[in-house]
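Beneath this line is the structure, given in structure tokens, with notes to follow.
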Amino acid sequence: MERWSNRVAVVTGASAGIGVEVVKDLLKANLIVVGLARRLQIMEAYKPDLPAEQQKRFHTLACDISSLESVNKTFDWIVTTLGGVDILVNNAGILLPGLACTMDPLEMQQLMQINVMGVVFATQRAFKSMKERNVDGHVVLVNSLSGHSVNIPNIEDSHVNMYAPSKYAITALTDVYRQEFKGLGAKVKVTSVSPGATDTSMIDYAKGFGIAMLKAEDVSRCILFALSTPPHVQIREIKVEAA
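676 is the number of the first residue of the sequence shown in this note's numbering; add one for each residue after it.
This is the structure in structure tokens:
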């Protein structure tokens, strides 16, 4: 991770779960980190617990990743203030219960807007910054095993019915970005990290089911491993689940 020292990493969904652990690990690796989340107050609440030197390198910004206007405003600040983006970790996402055949279409649209278009909005701005500065950038997409196969354990109260299609889109986007970045001559890598069930607040509903779960820090370590590879090595996909 030495080559990333003092470079700028942006982490979406940085107020909880995997996002918090990624922020902490990147700060430990001596990066400048920008945490994005709608709940700014939560990021501000855990910031004082960080070592003083890390606090100076941690910038917290309120951002609704589903809003193009909000994303553009945020990235404009990052480019103007910090000079650009070198790493983007697309972590923000939501789960909403319901069946694809009966769910409120507005809720379905909200889920897809955050889980898919939020990735598109942030990646476009990060890639623009990386390409214009000709840097060896890296885009990480936090995917899911649900983005590779669909398993609906309880048809009456499923939380994955629309979540899975949104993550299948991330699987496709990963390969689309890989080919586009290469075709445009950019020195930018892209990696999808697909965890299984992870012990975060997003899946509180499943914690009584006896399912083996990863910890958020397990997923963060996978992300840091992908980032630690040299520029000529690209890890396309990491799949990880609890043993």
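We put the CB at the ideal spot given by N, CA and C, even for glycine.
What are the uninterrupted segments assigned as beta strand (DSSP E) that are 3 or more residues long and contained completely in the stretch 789 to 853, given in chain order? 812 to 817
Notebook entry, point to check: Thinking C-beta only, is Met-877 closer than 9 Å to Asn-836?
Noted result: no
Can Leu-820 and Glu-916 be called in contact, C-beta distance under 9 Å? yes
Exercise. Run the CB neighbour count on Asp-850, radius 10 Å, all protein chains shown included, and call it buried at 16 or more, exposed below.
Key: exposed
Own chain, CB closer than 6 Å to Ile-717, minus 5 neighbours either side, in chain order | Ser-690
Quiz prompt | Beta-carbon proximity list for Met-783, same chain, < 6 Å, skipping 5 on both sides | solution = Met-837
Inset, instruction - For Gly-773, name the three-state secondary structure that DSSP assigns. - result: coil
Note to self: With three or more beta-carbon pairs closer than 8 Å as the criterion, would you say the stretch 888 to 895 touches the stretch 711 to 727?
What the structure shows: no
- Item | Val-693 (DSSP reduced to helix, strand or coil) | The residue you asked about is not Val; residue 693 is Ile in the sequence shown. DSSP places Ile-693 in helix when its eight states are reduced to three.
First and last residue of the uninterrupted beta strand (DSSP E) at Ile-762 = 762 to 765
In its own chain, which residues sit with a C-beta less than 6 Å from the C-beta of Tyr-852, not counting the 5 before and 5 after it? Val-865
Could you give the C-beta distance for Ile-898 and Val-868, rounded to a whole number, given that I count them as a contact under 8 Å?
6 Å
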